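Quick note on the working numbering: the sequence shown kicks off at 1 and runs consecutively. Okay, structure first, notes after.
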Amino acid sequence: MLKKGDRAVQFDGRVFAAVSPGSEVVRVMEMRTGEQIFRLLTNVALSSDTVAAQALRDSLAGRLLYPSTEALRQQATNSEPAVTPQQSDAIARPSFNCAKASTDVEHFICEDAGLAAKDRQVSTIYRTWLQRVNAGEMVDSVEEIAADQRAWIIRRDACQTASCVSEAYDARIGELPTL
Numbered sequence: 001m002l003k004k005g006d007r008a009v010q011f012d013g014r015v016f017a018a019v020s021p022g023s024e025v026v027r028v029m030e031m032r033t034g035e036q037i038f039r040l041l042t043n044v045a046l047s048s049d050t051v052a053a054q055a056l057r058d059s060l061a062g063r064l065l066y067p068s069t070e071a072l073r074q075q076a077t078n079s080e081p082a083v084t085p086q087q088s089d090a091i092a093r094p095s096f097n098c099a100k101a102s103t104d105v106e107h108f109i110c111e112d113a114g115l116a117a118k119d120r121q122v123s124t125i126y127r128t129w130l131q132r133v134n135a136g137e138m139v140d141s142v143e144e145i146a147a148d149q150r151a152w153i154i155r156r157d158a159c160q161t162a163s164c165v166s167e168a169y170d171a172r173i174g175e176l177p178t179l
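As structure tokens, this is what we get:
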């Protein structure tokens, strides 16, 4: 039983005393599949701005926490890093808030830096297209563009695998106008 001032963690709809090795919450978490734990860690990483959450985001995005020998050599020869920390954060994030991801497809996108990049690319092209139509630079109909995008999202959301989502993005990028 928790007393006032005790540290606690909520997992799987239940509240547990502070997490320590061998505690009940650790045993419950160990019984979960790898994917469920991965999603839990992803949600924790995306819902906090602590240094630990940033390190977890970096790890989940597949970025190296420690530079390789080649990266150190390159850094020694370059006065500026190839990717700044701000660019690195932007590279790993899709166009939407992953903390609010609710579908399998949204989770696929949040868990894969490549899909996140494709999501940002489609979103950027779509927004630019709408802006140019609204500015009178293009003769397309905003309503038709929006309906077309909604229809594509329905097709994308029917995907059951990350590779299907990737193919859907590739097809959409091919369909969108070159702006």
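Backbone N, C-alpha and C define an ideal beta-carbon position, used for all residues, glycine too. These figures come from a predicted structure and were not determined experimentally.
> Which class does Ala-158 belong to by DSSP, given the choice of helix, strand or coil?
Replying inline: Here residue 158 corresponds to residue number 158 of the sequence shown, with the count starting at 1. Coil, per DSSP.
> The alpha helix (DSSP H) spanning Glu-106 covers which residue range?
Replying inline: Walking along the sequence shown from the start, residue 106 turns up at place 106. Its alpha helix (DSSP H) spans residues 104-111.
> Which word fits Val-105, buried or exposed, when buried means at least 16 other C-beta atoms lie within 10 angstroms of its C-beta?
Replying inline: As a first step, residue 105 is located in the sequence shown; it is residue number 105 there, counting from the start. Burial call: buried.
> What did DSSP end up calling Glu-137 once you bin it into helix, strand or coil?
Replying inline: Your numbering for residue 137 matches position 137 in the sequence shown. Here Glu-137 sits in coil by DSSP.
> Straight-line CA distance for Pro-85 to Ala-113?
Replying inline: Taking the sequence shown and counting its residues from 1, one reaches residue 85 at position 85. Taking the sequence shown and counting its residues from 1, one reaches residue 113 at position 113. Any answer about Pro-85 is weak, because its pLDDT of 45 lies below 50 and its placement is not dependable; what the coordinates show is given next. When rounded, the distance between both Cα atoms is 15 Å.
>> In whole angstroms, give me the CA-to-CA distance for Cys-110 and Thr-161.
In response: The residue you call residue 110 lines up with position 110 of the sequence shown. The residue you call residue 161 lines up with position 161 of the sequence shown. Their backbone Cα atoms lie some 13 Å apart in a straight line.
>> Please report the distance separating the alpha-carbon of Ala-146 from that of Trp-129.
In response: Numbered from its first residue, the sequence shown carries residue 146 at position 146. Numbered from its first residue, the sequence shown carries residue 129 at position 129. So the two alpha carbons sit approximately 10 Å from each other.
> If you run the structure through DSSP and keep just helix, strand and coil, what is Leu-176?
Replying inline: Along the sequence shown, one-based indexing puts residue 176 at 176. In the structure shown, Leu-176 sits in coil (DSSP, three-state: anything other than H, G, I, E or B).
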